[in-house]
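Undergrad:
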Amino acid sequence: MKRKLRMGMVGGGPEAFIGEVHRKAARMDGKIDVLAGAFDIDPEKSRQMGETLCIEPGRAYNTYQEMLEQERDRADAIDFVTIATPNKWHFPIARDCLQAGFHVMCEKPMTMTLAEAVELREIVQKTGLVFGLMHNYTGYPMVKAAKDIVSQGDLGKILKVIVQYPQGWLSLPIERDGQPQASWRTDPKQSGAGGCVGDIGTHAANLAEYISGLKIDKICADLTTFVEGRPLDDDANCLLRFDNGARGLLHASQIAVGQENNLAIWVHGEKGSLEWHQENPNYLHVYGQDKPVHVWRRGNDYVAAKSPAAARCTRVPFGHPEAFFEAFANNYVNFAETIEAVMEKREADPLALDFPGVEEGVRGMAFIETMVASSASDAKWTPFSVE
Ligand code: NAD
C-alpha cells in the first residue's frame, strides 16, 4: 500500500470521551489519517471539532449522511468510517456506510438489538467489506499471550473462567445533572436493553470467550438497578456455562464505589491457571500445581516465542508500560492491514485477522438479550430455608 488509509468519523465531538481515543490510536502507527467526519450531533460542534483537528474545511460535515454522499464522489474519498456515537446510532450508520461502500470500525455494543446485529452481519457478508468492533481489551499483548497459552494446551482442559468488570462512576444519579456520558447510557432509548450489562458486561464476556477460546452457551443472570429511578441495570451478576462444559462467573458493576476500570480475568484449567488485570496490563500471572508463580512480562523474547500475536502488538521494550491507547491501536493496525489486503486483492496475514468483528458483535447482542431475559425469570432461584 503506497498511501495511508483515509478515515472518516461519526461521533467524537468536543465533549465526547472515546472519539479522541480512536483518533490517537488510529494514527499511532502511521497507517491512517483522519480526514473527514460528522463529529457531533450538533453541526456547529462538528465544524468546531474539524477546526481543532485541522480537517480540510468542507470535510467536517453536518451529518453522517452528508459525509457519505459527498465523500463518495471524491477522488481522495475516505476508505473507512469509525462510529463512536451512542449505541442507538451504531446500526443505521454502519448499515449506511457499508451500503455506500465504506469499511467500518464500530464501537460496542454493535447495535440496539440482536435482530439488528443479525441484519448487519448479512450486510457485511454481502458487501465483502471489512468490519471491526472495538472490543479493545482483546488488543492487549498479554491478553493475546494468555489466549495462546490456553490454545497451546499449557493449562490443560479449561474448567472454570471468572471475569469481572467493576466500576463505581455511576453510583450516584449523575445523569440527572446532565453528565454527558451518563445521560445516554442510562436511557434505554439510546443505550438499548442493557445498562451496565451492555456497556461493560459485553467487554467481560468478550474477553472470557477470546482468552478461553470457548463459547458461552448458558447463562443464569441477576441484573439490578441500585440507583433509584434509573431505568436500566447498573449491576450484573451471572453464572456462565461454556460449550466444553466449563463453568464460569461474570460480574460487572457501575455502582461499585471506588472501583475504576477493574476488569480482570482468571482462567482455571486441569493443569494450570492464569490471571490478568486490565489496570496492570503488562503482566500475566500463570500458576501450576506445586510450582512457583510465573509472571509473564510484556516485551520479553519468551513472550514473543509463545505468542507471535503478542509480539506483533508490542511497540516499546519491557518495562515501558503500554496500555489503553496501544490496545486500541493494535485493533486498528490489524483492521488496516486487512483493508489493505482487500484493496490489493490478496490474502491478509493471518495474524492481521486477529481483531473483533461482526461475529463478536452478534454474540455481544445475544449476550445482552439473554442476560436480560434470564434476569427477568425466577426459574433458577431456590429460596434459602433452614426449616
Ligand atoms: P459520548 O457521549 O462521550 O460521545 C458521543 C459523541 O457522539 C458526541 O460527540 C455526540 O455529539 C456524538 N453523536 C451523537 N449522535 C451523533 C450523530 N447522529 N452523528 C454524529 N455524532 C453524533 O459517548 P462515548 O462515551 O464516547 O461513547 C460512544 C460510544 O463508544 C458508545 O457506543 C460507547 O459504548 C462506546 N465506548 C466504548 C469504549 C471502549 O472501551 N471500547 C469506551 C467508551 C465508550
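Residue numbers (my numbering): 211 to 597.
All residues carry an ideal CB built from backbone N, CA and C; glycine is no exception.
In angstroms with no decimal places, state the Cα-to-Cα distance between residue 453 and residue 459.
TA: Locating residue 453 in the sequence shown gives position 243, counting from the first residue. Locating residue 459 in the sequence shown gives position 249, counting from the first residue. The straight-line gap from Cα to Cα measures roughly 14 Å.
Undergrad: Measuring only from the beta carbon, is residue 295 closer than 7 Å to any heavy atom that is part of the ligand NAD?
TA: Mapped onto the sequence shown, residue 295 falls at position 85. Residue 295: yes, Cβ under 7 Å from the ligand NAD.
Undergrad: Which value, in whole angstroms, describes the spacing of the CA atoms of residue 530 and residue 486?
TA: In the sequence shown, the residue the question calls residue 530 occupies position 320. In the sequence shown, the residue the question calls residue 486 occupies position 276. Cα to Cα, residue 530 sits roughly 18 Å from residue 486.
Undergrad: Measuring CB to CB, does residue 381 end up less than 8 Å from residue 465?
TA: Counting from one through the sequence shown, the residue named residue 381 turns up at place 171. Counting from one through the sequence shown, the residue named residue 465 turns up at place 255. In contact: residue 381 and residue 465 (Cβ atoms closer than 8 Å).
Undergrad: For the stretch 436–453 against the stretch 388–408, are there 3 or more C-beta pairs whose distance is under 8 Å?
TA: yes
Undergrad: Since residue 373 contacts residue 414 with CB under 8 Å, what's their CB separation in whole angstroms?
TA: Working through the sequence shown from its first residue, we reach residue 373 at position 163. Working through the sequence shown from its first residue, we reach residue 414 at position 204. Confirmed, Cβ separation roughly 5 Å.
Undergrad: So residue 506 is in the alpha helix (DSSP H); what residue range does that whole segment cover?
TA: Taking the sequence shown and counting its residues from 1, the one referred to as residue 506 is at position 296. Residue 506 -> not in any alpha helix (DSSP H); beta strand (DSSP E) instead, spanning 504–507.
Undergrad: Can you tell which of 357, 398, 473 has its C-alpha closest to the C-alpha of residue 582?
TA: Counting from one through the sequence shown, the residue named residue 582 turns up at place 372. The residue with the shortest Cα to Cα distance from residue 582 is 398.
Undergrad: Between which two residues does the alpha helix (DSSP H) holding residue 354 run?
TA: Within the sequence shown, numbered from 1, the residue matching residue 354 stands at position 144. Where residue 354 is concerned, the enclosing alpha helix (DSSP H) stretches over 351–361.
Undergrad: Measuring from the CB of residue 220, is there a heavy atom of the ligand NAD at a distance below 7 Å?
TA: Here residue 220 is taken as the residue at index 10 of the sequence shown, counted from 1. Residue 220: yes, Cβ under 7 Å from the ligand NAD.
Undergrad: Which residues does DSSP pair with residue 371 in a beta bridge?
TA: Here residue 371 corresponds to residue number 161 of the sequence shown, with the count starting at 1. Partner(s): 458, 477.
Undergrad: Tell me whether residue 309 is buried or exposed, calling it buried when 16 or more other Cβ atoms sit within 10 Å of its Cβ.
TA: By 1-based counting over the sequence shown, the position of residue 309 is 99. Exposed, because fewer than 16 other Cβ atoms sit within 10 Å of the Cβ of residue 309.
Undergrad: Do residue 473 and residue 350 have their C-beta atoms within less than 8 Å of each other?
TA: Within the sequence shown, numbered from 1, the residue matching residue 473 stands at position 263. Within the sequence shown, numbered from 1, the residue matching residue 350 stands at position 140. No, the Cβ-Cβ distance between residue 473 and residue 350 is not below 8 Å.
Undergrad: Can you give, in chain order, each stretch of the beta strand (DSSP E) that sits fully within the stretch 369–437 and has at least 3 residues?
TA: Counting only runs of 3+ residues, the beta strand (DSSP E) found wholly inside the stretch 369–437 occupies 426–434, in chain order.
Undergrad: Assign residue 544 to buried or exposed, taking buried as 16 or more other Cβ atoms, counted over all protein chains shown, within 10 Å of its Cβ.
TA: Numbered from 1 along the sequence shown, position 334 holds the residue referred to as residue 544. Residue 544 comes out buried.
Undergrad: Could you tell me the boundaries of the alpha helix (DSSP H) in which residue 306 lies?
TA: In the sequence shown, residue 306 corresponds to position 96, counting from 1. It spans 300–309 - the alpha helix (DSSP H) in which residue 306 sits, taken as one unbroken run.
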